[in-house]
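Worksheet: the structure to be examined is printed underneath.
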Amino acid sequence: MKILCVIVLYKCKLEDSKSYQSLLRDKDITIFAYDNSPTPQEVNVKNVIYVHDSQNSGLGVAYNKAAQYAKCEHFEWLLLLDQDTIFSYKAMDIYMKSIMDYPYIKMFVPIHQIADGRYISPARYICKGSHPIHTMKSGLLKFKVAAPINSGVMVNVDAFYKAGGYDEKVILDFSDIRFMEKFQKIYPEFYAIREVVCLQEFSIEERDFNKLMVRYKIFLQCALACKREYWGDYFSYFFVTAKRTLRLLWQTGQFSFVNVYITNYLFRK
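Position 28 (the sequence shown) corresponds to 27 in numbering that gives the first Met the number 0; numbering is contiguous.
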C-alpha cells in the first residue's frame, strides 16, 4: 500500500519534530512537509516533498495540498500529522496491519493521551468541545459516540475527496471537527487503534497578554468560518466561544477579551 505522510510545521525543523522522530525517522516512506514558518528551511531527509508557505495559510490548505499530491501520485492513504505528537513504538507497522485487517474501513486513528493519564482522542464532543476522559475509547467506533483530533488520522485518499476535504477557511481550531462532520455523512464509522498510543504534550499555560490575544482572535476567526448546518450549531459555537472568553477573562483579568468578543464575533461587520 502507498502511504503519504503529511506533516505541518511551524518554526520547527522537520528533523526536530517529535512526530518525525517518533514515527517517520529511518522509515522508507514519502513525507509531504508543509512548512508554515516565516522563512524556509533546508531539509536533509530523503523522500521529502517540501512546500513552504510563508503566509501560514493553515491546516486546511496544508492537508488539502497533500491530498492533491497523493491523488496525482496514486497514493492510497494519507496520514495527517502535526509536529508535536509522540507516537508509540512500531506505530506505522500497526497502522498498516490495521488497514489490512479492516479493508472496509476508510479512517484509522491513534489514541491520544496526556501526561496525567487521561485521554483526549477519540472523545465525545459536546457543543464543539471535548474534555479529557479516564476511559480509553478504541476499536470500531461511530462518530456519534466519539471523534478524533487531526494528528495521526490515517484516511483513505478517495474517501478524503468524497467527504470534500478540509475547509480551508477554518485554518486551525475546529478544522478537525468540520472535517469529521463531513466525513461521517458518508462513512459513519472509524477505527481507533488501541495499540497506537500517542503522547500529546501540552505546553505551559501562556501568560503573555499579546500572544493570548493573537491566539484568541484566531480562535474566533475559525469559529466564524465554520459552516452552521443545523440550528444547534449556532448555539454550540456561541457556547464554546463564550466559554473561552470567560476563561481568558478569569485568567488575565483583562476585559479586552470581552470587548474583542463583542466586536469581532457577536457584532462583527
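C-beta: ideal position from N, C-alpha, C; glycine also.
So, is residue i buried or exposed, given that buried needs 16 or more other C-beta atoms within 10 angstroms?
i    : result
E301 : The chain is shown only over 0 to 268; residue 301 falls outside these bounds and no answer can be derived.
H73  : exposed
L77  : buried
A191 : buried
H111 : buried
Y260 : buried
Go ahead and pull the three-state DSSP assignment for residue i.
i    : result
C71  : helix
N155 : strand
A162 : helix
M135 : coil
T262 : helix
G128 : strand
V60  : helix
I203 : Per-residue confidence for I203 stands at a pLDDT of 49, beneath the threshold of 50, marking its modelled position as unreliable; the derived number appears in the next sentence. Looking at I203 - three-state DSSP - the assignment turns out to be coil, as it is neither helix nor strand.
S21  : helix
V257 : helix
Less than 8 Å separating the beta-carbons of residue i and residue j?
i    : j    : result
L8   : S53  : no
T251 : F189 : no
I30  : V44  : yes
L211 : E205 : yes
S120 : P147 : yes
S21  : F107 : no
L58  : Y124 : no
A61  : Y33  : yes
A162 : K181 : yes
K242 : R177 : no
Which stretch, first to last residue, makes up the alpha helix (DSSP H) that contains residue i?
i    : result
Y215 : 208-224
S235 : 230-251
A146 : Premise fails: A146 is in no alpha helix (DSSP H) and is neither H nor E.
S97  : 90-100
I176 : 174-182
Between which two residues does the beta strand (DSSP E) harbouring residue i extend?
i    : result
A191 : 188-199
Would residue i count as contacting chain B if we go by Cβ distances under 8 Å?
i    : result
F178 : No chain B appears in the structure shown, which is made up of a single protein chain.
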